[in-house]
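For the record, the sequence lines run as chains Y and X.
All the letters of the first sequence, read from the start, carry residue numbers 39 to 491 under my numbering.
All the letters of the second sequence, read from the start, carry residue numbers 1301 to 1782 under my numbering.
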Amino acid sequence: MYAPHTERDVEQMLQTIGIASLDELLRVPAEIALKQKLDVVPALPEYLIQRRFAHLAAQNQGVEYRSFLGAGSYRHYVPPAIAALAMRGEFLTAYTPYQAEVSQGYLQAIYEWQTYICLLTGMDLADASVYDGATALAEAAIMALGASGRRKVLVSRAIHPNYRAVLRTYCDGLDVEVDEVAFARGGVTDYRLAAEMLATKEYAAIAIQSPNFLGNVEEPSSDLTQAASASGTIPIGVVAEALALAALAPPAAWGAQIVAGEAQSFGVAMAYGGPYVGFIAATEEHMRRIPGRLVGKTVDNAGRTAYVLTLQAREQHIRRERATSNICTNQAHCALIATIYLALLGKTGLRDAAALNLARSRELASAVANVAGIRLPYDAPFFNEFVADVGRPARDVLAGLRANRILGGVDLGRFYPELDSCILMTATELTTTGDIAALAGALKEILRVPAHV
Amino acid sequence: MSEAGAIALIFESGQEGRANRYFEQGKPLENFLPRQLLRDELPLPDNSELDVVRHFTRLSQRTFGIDLGFYPLGSCTMKYNPRVNDAIATRPEFAELHPYTPDDLAQGALAVMYELERSLSSLFGMAAFSLNPSAGAHAELGALLIAKKYFKERGETSRDKVIVPDTAHGTNPASAAMCGFKVISMPSNERGRVSVAEIRKVVGADTAVCMMTNPNTLGLFEEEIAAIAAVVHEAGGLMYYDGANANAIMGYTRPGDMGFDLMHLNTHKTFTIPHGGGGAGHGPLGVAAHLVDYLPTPVVVREESNFHLDFDRPKSIGPLRSFWSNFAHAVRALAYLYANGSEGLKRVSQLAVLNANYLRVKIAEFLETPYPEICRHEFVASAQRLKKQNGVRALDLAKALLDYGYMAPTMYFPLLVPECLMIEPTETESKETLDAFAEALAKIVQRAHTDPQALFDAPVTTVVGRVDETRAARQPDLRWRP
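The structure is reproduced here in structure tokens:
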């Protein structure tokens, strides 16, 4: 239990307090006192705790398979220097930097994170982090609702299904409607339809993800951006694969005023889904609506450069029910990891990583497209993932691949019933030629046998 | 250029092309994508690995964590973060597991979540927990969404009020507002508690939820909690337990036994997950039996000896986050439960309360403690008298403590105590540490009488002195610009 007390300590302390026993100190009224035995996992000494978890860990066989999974969580190379730095106790065991004088290091690191996010997204400012990509989208929508006073938001159906689901959860609370705009045949948002929908002037925001959930790079038309501007709708750019920002024109380029995204790709472990790190960046005009913590640069009483949490009048501990968000604890440590990652890779490393993702995913796409029975339905440019139509239930094909110790990708039928013969496949810099050959070989075998209808 | 003593920003160092060779050189991006889709420039610095390591090592040296010293930050439960938990959570079989791994190939991860969920349910008297929320405030939001949906399905849409005592955490009213509820603040009585009489005044047919924490943020146990819950339930409302202070009750009572229908935990408080400078947190959301169907998706279920993620829950409020849980933190929390078992957890609460009362008694010798009675895991002190006598405020005491190598207590919270210092020592601190802290604070209070200016000038041993927060807010500089 990690407490240092000896029996003698306890006795002396009870005496100082002037109370007879620990039970007396913690006594609660009889009607609510614990009566039954608790069913908690048993106490074990440390070496047996390690053994217990080694046993559990061994049952995650998925980590040993060749994997083409992505879809919002990406396997990228993580330099060991990141853990060596981020796991330093000073960072790991600090609380939110309320006392600036003894938190200058962490505050500066967050200021650097805010800057990196601005530079990557093309925005003017960024917050200290939010929980993840999905909640970033929800918080961005709330910013737009507040700015416009409208009660509806429009999102592309090609946004990550989990992000859209979380947006709905949040919007249910606010009694706000979420409408979706379909993706066109080419696998990108139907810009023309979106522009028509905006003409109603009912939407606070339109959100578009790029690369979208189908892997395709979105290139919103000038008609759409003009429709947004003419209707007073705030364009929100969504980013689920942050590494793509190293290659692609930033969301600011097509007019996004708010960018909501996920930075897991920057050195954060996949860890079965978390913790990750969401970010929100925006143009200057949205500064006072941005949720969560912000670090600002200022001076101390001797005029020296200093960093501090600022614009706190937006936050829940000051503003209570009138706050821009209820967020308190954020994802600071994951943001620190991402900042170190970006510092280590730099411009050159990020470009190289992006180029490798582009190259390997194209190698994968061409190997898969060469398998008889498989077709790539979209010809839009992609970053590191794409859709493969296997011409029969994707679920069955993925099961066949699993028998070959391959996780072939994500079954899109799970999210889009009309795409139930489609698999979302991902290749990163860590995908090998051997992985690709194994997948293509197994697919050939599986698809050689006619599908039973 | 930075002033002497300041550390240059990472953007102010490096040279283009000073690259670390993590990857082979990539082909030009134009080989893969049309020119108009590519960005024109990527204005990020290239630094050598050594320079980056030095930069962040130096930043770490300007950051105070539990590992450096006593961290008595009230309501934050800054206890020791056992290193074994990190060793386990960063095992590759956990860290490299993709969230879309098929259930049958992620049985170990699902077992971790299941064991944690079952243990928490028993420990706090709830029917079930969701491990979905990312932090306490996130779980509050989830709980209020559950309440909203529950009342909607019962046709009780006129229930639009959430009752929050004046001792509540700021997240409570903010979360309520995000669900469209109106917030009713309820004063505590002269003993720092919510009284049955007071709750009767505010409860009615429009009450949706009453949010409380017990012990409250004054560190005091709400003895009338069962009667309060009965009043709220009689009116048809739900009771919500803010679990930020759960470190005080384990093995003695449970929110379920007190009459709460919904609750959250901050496993980054009670269960030793490192705060990491403000997150990531982990906020399991517990519910009584009548609300289980509304929990966020997915839920881990057990069928015979197999576990799976259940997304097919028609009454659910839906997911609160991209993926299932802050899973690495679930691993840490479960490892901590294994280190304790139910008896160990009871001992944790005993010693946390013992430490708080011991420190309270020591500090009461020289500083006002507005509620001089047995407290639980934390207590409040006040600098109100000092302020009247010498102009020395809670802030000045807090800053002076930094010069002694301690983190300052939570300041100016709860709001109802003027010049408040809220102190939570936790059970992992030794008697010697508490004695030394009390002695340092006594010296500071002494100094307040003899030389108040010295406290207004504190801290003086830190890398910067008091920071100009007004300038930060009036002339926002939130990023470096090329």
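Even for Gly, the Cβ is constructed at its ideal location relative to N, Cα and C.
Tell me whether the beta-carbon of A1406(X) lies closer than 8 Å to the beta-carbon of N442(Y). For the purposes of this step, residue 1406(X) is identified with residue 106 of the second sequence, where counting begins at 1. For the purposes of this step, residue 442(Y) is identified with residue 404 of the first sequence, where counting begins at 1. No.
For P273(Y), report the span of its alpha helix (DSSP H) as first-last. For the purposes of this step, residue 273(Y) is taken as the residue at position 235 of the first sequence. Element bounds for P273(Y): not the alpha helix (DSSP H) but the beta strand (DSSP E), 272-277.
Under the rule that 16 or more other beta-carbon atoms within 10 Å means buried, what is P1392(X), buried or exposed? Here residue 1392(X) refers to the residue found at position 92 when the second sequence is read from its first residue. Flag for P1392(X) reads exposed.
Between Q302(Y) and A280(Y), what straight-line distance do the alpha-carbon atoms span, to the nearest angstrom? Locating residue 302(Y) in the first sequence gives position 264, where the first residue counts as 1. Locating residue 280(Y) in the first sequence gives position 242, where the first residue counts as 1. Rounded to the nearest angstrom, the two C-alpha atoms are 8 Å apart.
Which residues, taken in chain order from the stretch 267-279 of chain Y, show a beta carbon closer than 7 Å to some beta carbon of chain X? none
Which of the three DSSP states is assigned to Y1541(X) in this structure? The count along the second sequence starts at 1 and reaches residue 1541(X) at position 241. Reduced to three states, the DSSP call for Y1541(X) is strand.
My understanding is that K1699(X) touches A1758(X), with C-beta atoms under 8 Å, so please give their C-beta distance in whole angstroms. Within the second sequence, numbered from 1, the residue matching residue 1699(X) stands at position 399. Within the second sequence, numbered from 1, the residue matching residue 1758(X) stands at position 458. Confirmed, Cβ separation roughly 4 Å.
So that I know if they touch, is there some Cβ in chain Y lying closer than 8 Å to that of Y1552(X)? Locating residue 1552(X) in the second sequence gives position 252, where the first residue counts as 1. Yes, contact with chain Y.
Under 8 Å between C-beta atoms, does C1376(X) make it to chain Y? Counting from 1 along the second sequence, the entry for residue 1376(X) is found at position 76. Closer than 8 Å to some Cβ of chain Y, the Cβ of C1376(X) qualifies, so yes.
Listed by chain order, chain Y residues near Y1380(X) by CB distance under 7 Å: Within the second sequence, the letter at position 80 stands for residue 1380(X). Neighbours of Y1380(X) on chain Y, chain order: Y40.
Counted within 10 angstroms of its Cβ, other Cβ atoms place S1434(X) as buried (16 or more) or exposed: Taking the first residue of the second sequence as 1, we reach residue 1434(X) at position 134. Looking at its Cβ environment, which holds 16 or more other Cβ atoms inside 10 Å, S1434(X) is buried.
Do you know offhand how far V48(Y)'s Cα is from E150(Y)'s? Against the first sequence, residue 48(Y) aligns to sequence position 10. Against the first sequence, residue 150(Y) aligns to sequence position 112. Spanning the two alpha carbons is a distance of roughly 46 Å.
Shorter than 8 Å from the beta carbon of S141(Y) to some beta carbon of chain X? Within the first sequence, the letter at position 103 stands for residue 141(Y). Chain X contact via Cβ: present.
If the cut is a Cβ gap below 8 Å, which residues of chain X does G384(Y) touch? Taking the first residue of the first sequence as position 1, residue 384(Y) is located at position 346. In chain order: G1314, R1318, A1319, N1320, L1344, P1345, D1346, N1347.
Using a Cβ-Cβ distance cut-off of 8 Å, determine whether I70(Y) contacts chain X. Taking the first sequence and counting its residues from 1, the one referred to as residue 70(Y) is at position 32. Yes, contact with chain X.
Just to confirm, is the Cβ distance from V1680(X) to P1752(X) under 8 Å? Here the question's residue 1680(X) lines up with position 380 in the second sequence. Here the question's residue 1752(X) lines up with position 452 in the second sequence. No. Outside cutoff.
Less than 8 Å between the CB atoms is what I'm expecting for Q299(Y) and F317(Y), so what's the real figure, rounded? In the first sequence, counting from the first residue as 1, residue 299(Y) sits at position 261. In the first sequence, counting from the first residue as 1, residue 317(Y) sits at position 279. One detail in the question is off: residue 299(Y) reads as Gly in this sequence, not Gln. Yes, G299(Y) and F317(Y) are in contact; Cβ-Cβ is about 5 Å, under 8 Å.
At the level of alpha carbons, what is the spacing between A1754(X) and D1696(X)? If you number the second sequence from 1, residue 1754(X) lands on position 454. If you number the second sequence from 1, residue 1696(X) lands on position 396. Approximately 9 Å, taken between the alpha carbons.
CB contact below 8 Å: G1492(X) versus chain Y: Against the second sequence, residue 1492(X) aligns to sequence position 192. It does not; no Cβ of chain Y falls within 8 Å.
C-beta neighbour in chain Y for M1707(X), strict 8 Å: Taking the first residue of the second sequence as position 1, residue 1707(X) is located at position 407. Yes, M1707(X) lies at the interface with chain Y (some Cβ there is under 8 Å from its Cβ).
Counted within 10 angstroms of its Cβ, other Cβ atoms place V487(Y) as buried (16 or more) or exposed: Locating residue 487(Y) in the first sequence gives position 449, counting from the first residue. When all chains shown are included, V487(Y) counts as exposed.
Excluding the five sequence neighbours on either side, which residues of its own chain have a C-beta within less than 7 Å of the C-beta of A418(Y), listed in chain order? Counted from its first residue, the first sequence places residue 418(Y) at position 380. Around A418(Y): G224, G225, V226, N254, V255.
Apply the 10 Å Cβ neighbour rule to H1582(X) and answer buried if 16 or more other Cβ atoms are within range, or exposed otherwise. By one-based count along the second sequence, residue 1582(X) stands at place 282. The residue in question, H1582(X), is buried, as its Cβ has 16 or more Cβ neighbours within 10 Å.
Just tell me which of A437(Y), A373(Y), L52(Y) has its CA closest to the CA of A147(Y). Walking along the first sequence from the start, residue 147(Y) turns up at place 109. Nearest of A437(Y), A373(Y), L52(Y) to A147(Y), Cα basis: A373(Y).
Under a Cβ-count criterion, where at least 16 other Cβ atoms within 10 Å of its own Cβ denotes burial, should E128(Y) be classed as buried or exposed? For the purposes of this step, residue 128(Y) is identified with residue 90 of the first sequence, where counting begins at 1. By the 10 Å Cβ count, E128(Y) comes out buried.
Using a Cβ cut-off of 8 Å (strictly closer), state whether F1429(X) contacts chain Y. For this step, residue 1429(X) is matched to residue 129 along the second sequence. It does not: the Cβ of F1429(X) has no partner Cβ on chain Y nearer than 8 Å.
Residue closest to K1615(X), alpha-carbon to alpha-carbon, out of Y1380(X), D1542(X), K1449(X): Counted from its first residue, the second sequence places residue 1615(X) at position 315. The candidate whose alpha carbon is nearest that of K1615(X) is K1449(X).
Whole angstroms is fine: what's the gap from G165(Y)'s alpha carbon to P329(Y)'s? Mapped onto the first sequence, residue 165(Y) falls at position 127. Mapped onto the first sequence, residue 329(Y) falls at position 291. The question names Gly, yet the displayed sequence has Asp at residue 165(Y). In a straight line, the C-alpha of D165(Y) is about 7 Å away from that of P329(Y).
Check whether the Cβ of I1446(X) lies closer than 8 Å to any Cβ atom in chain Y. In the second sequence, counting from the first residue as 1, residue 1446(X) sits at position 146. No - not a single Cβ of chain Y is within 8 Å of the one on I1446(X).
As an exercise, report each continuous alpha helix (DSSP H) stretch of at least 4 residues that is fully enclosed by the stretch 1624-1666 of chain X, in chain order. 1627-1664
Are at least three pairs of beta-carbons, each pair with one atom in the stretch 1417-1424 of chain X and one in the stretch 1452-1468 of chain X, less than 8 Å apart? no
Please confirm whether S1458(X) has its beta-carbon closer than 8 Å to some beta-carbon of chain Y. For this step, residue 1458(X) is matched to residue 158 along the second sequence. By this cut-off, S1458(X) is not an interface position.
Is it buried or exposed, P83(Y), if we count other Cβ atoms within 10 angstroms and call 16 or more buried? In the first sequence, residue 83(Y) corresponds to position 45, counting from 1. It counts as exposed.
When the Cα atoms are used, what is the spatial distance from F1364(X) to V140(Y)? Within the second sequence, the letter at position 64 stands for residue 1364(X). Within the first sequence, the letter at position 102 stands for residue 140(Y). Cα to Cα, the separation comes out at about 6 Å.
For A1526(X) and P67(Y), which I take to be in contact (beta-carbon distance under 8 Å), what is that distance rounded to the nearest angstrom? Translated into positions along the second sequence, residue 1526(X) becomes position 226. Translated into positions along the first sequence, residue 67(Y) becomes position 29. Indeed they touch by this definition, with Cβ atoms about 7 Å apart.
Span separating the alpha-carbon of A1738(X) from that of G1369(X): Working through the second sequence from its first residue, we reach residue 1738(X) at position 438. Working through the second sequence from its first residue, we reach residue 1369(X) at position 69. Going from the Cα of A1738(X) to the Cα of G1369(X) covers about 14 Å.
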